[in-house]
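Okay, so here's the structure we're looking at.
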Amino acid sequence: MSQQPFYLCGTTASGKTSLALALARETGGEIVNGDAFQVYRGLEILSAAPTAEEQACCPHHLFGFRDLDEPMDAAKYAALAGEVIADILERGKRPIVVGGSGLYLKFLTHGIAEAPGGDPVIRAELDALPVEEVLRRLQELDPEEAARQNQQNHRHLSRALEICLITGGKASDLRRNFEDPKKITNLRGIALSWPREILSERITQRTAQMLADGAIEEVAGLPADAQTVRQAIGVKEIEAFLTGSMTRDECEERIAISTRQYAKRQRNWFRREEWLKSIDGSLATEARVRLCLEV
RNA sequence: GGCUCAUUAGCUCAGUUGGUAGAGCAGCGGAUUGAAAAUCCGCGUGUCCUUGGUUCGAAUCCGAGAUGAGCCA
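Here is the structure:
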């Protein structure tokens with residue numbers, strides 16, 4: 001069996017971290033983070049990052065290495081992860097990429113389009129505009145892309161417009177030049193999945209645990225300008241609790257709800273990744289490890 | 001015990017002069033190539049508490065009952 005990266009995906013609270021540890025132990029592998037928020041130092045509790053003890057079990061990469069105010073994006077992540085994976089392979093070990101951030105993993109597994117990175121100045125400008133205006137401007141510069149995007153998705157329209165403004169070309173051309181991701185083969189990985197009700201209950205419990213473990217203090221210490229990090233589920237809820245506009249129970253419930261909604265989006269994303277084999281999260285650890293090894 | 005007010009979707013509530021009902025949240029389905037734990041799209045049949053009545057027609061008006069809240073005893 002040739003050593004190649006193994007992708008361990010799944011929704012939040014599906015048990016990726018513990019399965020990854022078991023798998024690493026079994027195969028002598030090294031764990032590579034595939035989660036957009038576990039890259040930050042200072043967000044360990046809210047992002048459910050592996051604990052220090054867990055990280056001591058085997059080599060871990062790309063966890064907690066970014067400052068809270070350092071913006072991150074999928075392309076930067078994919079570049080970094082690509083290097084780490086190459087290095088692990090060179091040392092004859094097996095990389096186990098663990099995470100639930102669909103876009104980050106997609107960039108890593110399927111490549112990055114030839115497009116410019118985000119420009120904070122342009123973004124600030126576009127953010128201030130109403131969607132209709134962003135759409136109108138994109139329709140002028142790149143009608144094809146404007147038609148392709150959801151006409152009410154400010155983020156997506158702004159990104160397309162941003163590409164046009166920076167390159168002076170068309171976002172739709174870049175899109176066309178990007179290889180069809182479906183051509184990429186030879187990927188191996190699994191998606192841990194649970195019945196809806198059980199996952200919902202796991203989320204309830206983990207949310208309570210997070211708050212008990214110090215998530216509130218963690219959020220209280222976040223810098224105000226840490227824009228990317230402030231998008232994390234739980235930040236606005238905990239801040240509402242801290243300022244007294246929400247009770248602690250409401251806060252906990254709202255976080256659990258947002259987390260369940262997020263899990264649904266993740267499930268959608270991973271379901272479309274046909275190369276991922278679905279594994280029942282409720283199986284015994286040994287059984288799950290065995291199934292992973294068969295992939 | 002008496003009076004008043006409430007009772008409509010899982011929850012909080014709208015419902016105009018009677019024409020068999022609709023918002024937010026939740027839930028469900030979906031999109032997604034440099035902010036992605038983000039952002040966005042689609043989905044609303046429910047004994048209108050029950051029961052008698054008035055009416056061509058009742059969530060809506062009248063009577064009785066049930067449950068809850070408040071006030072007076």
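No gaps in the numbering here: position 167 of the first sequence is 167 in our numbering, and each next residue is one more. All C-beta atoms, glycine included, are put in the ideal place defined by N, C-alpha and C. Keep in mind it's a predicted model, so treat the numbers as computed, not measured.
Item, Value
"Can the beta-carbon of residue 9 be found closer than 7 Å to that of residue 191?", "yes"
"Looking at the unbroken alpha helix (DSSP H) that takes in residue 16, where does it start and where does it end?", "16 to 27"
"Determine the burial state of residue 255: buried for a count of at least 16 other Cβ atoms within 10 Å of its Cβ, exposed for fewer.", "buried"
"Taking the beta strand (DSSP E) that residue 280 belongs to, which residues open and close that run?", "276 to 280"
"Let's test the definition: count the other Cβ atoms within 10 Å of the Cβ of residue 87 and tell me whether it reaches 16, buried, or not, exposed.", "exposed"
"So, helix, strand or coil for residue 193, using DSSP?", "strand"
"As a quick exercise: from 145, 237, 257, pick the residue whose alpha carbon is nearest that of residue 216.", "237"
"Please report the straight-line C-alpha distance between residue 149 and residue 99, rounded to a whole angstrom.", "27 Å"
"Based on the DSSP output, what are the partners of residue 6 in its beta bridges?", "96"
"Check whether the segment 37 to 49 touches the segment 118 to 135, taking contact to mean three or more Cβ pairs, one atom from each stretch, closer than 8 Å.", "no"
"What do you get for residue 91, buried or exposed, if any count of 16 or more other CB atoms within 10 angstroms of its CB means buried?", "exposed"
"Buried or exposed for residue 11, going by 16 or more other Cβ atoms inside 10 Å?", "buried"
"So residue 85 is in the alpha helix (DSSP H); what residue range does that whole segment cover?", "74 to 90"
"Taking the beta strand (DSSP E) that residue 33 falls in, what are its first and last residues?", "30 to 33"
"Leaving out five residues on either side along the sequence, give the residues of the same chain with a beta carbon under 6 Å from the beta carbon of residue 213.", "45"
"Which whole runs of the alpha helix (DSSP H) in the segment 109 to 176 are 4 residues long or more, in chain order?", "120 to 127, 131 to 141, 143 to 148, 154 to 167"
"For residue 66, list the residues DSSP reports as bridge partners.", "40"
"Is residue 68 near residue 229, with beta carbons less than 7 Å apart?", "yes"
"Can you list, in chain order, the residues of its chain whose CB lies under 8 Å from that of residue 226, leaving out five sequence neighbours each side?", "68, 69"
"Would residue 194 pass as a contact of residue 281 if the rule is Cβ separation under 7 Å?", "yes"
"Would you mind giving the Cβ-Cβ distance between residue 54 and residue 93, rounded to the nearest angstrom? I have them listed as a contact below 8 Å.", "Between residue 93 and residue 54 the Cβ distance is about 18 Å, and since that is not below 8 Å, they are no contact."
"Starting from the Cα of residue 165, find the closest Cα among 221, 122, 16, 77 and give me that residue.", "122"
"Does the segment 35 to 45 come close enough to the segment 110 to 124 that 3 or more CB-CB pairs lie under 8 Å?", "no"
"Would you tell me roughly how many angstroms separate the C-alpha atoms of residue 291 and residue 120, rounded to the nearest one?", "44 Å"
"Between the C-alpha atoms of residue 287 and residue 261, what's the straight-line distance to the nearest angstrom?", "29 Å"
"Thinking C-alpha only, which one of 272, 203, 117, 245 is nearest residue 15?", "203"
"Between residue 125 and residue 144, what straight-line distance do the alpha-carbon atoms span, to the nearest angstrom?", "23 Å"
"In its own chain, which residues sit with a C-beta less than 8 Å from the C-beta of residue 2, not counting the 5 before and 5 after it?", "Note that residue 2 has pLDDT 49, beneath the 50 cutoff, so the model's placement of it is unreliable and the number below is only indicative. Answer for residue 2: no residue qualifies."
"Quick check: what's the CA-CA separation for residue 252 versus residue 211?", "8 Å"
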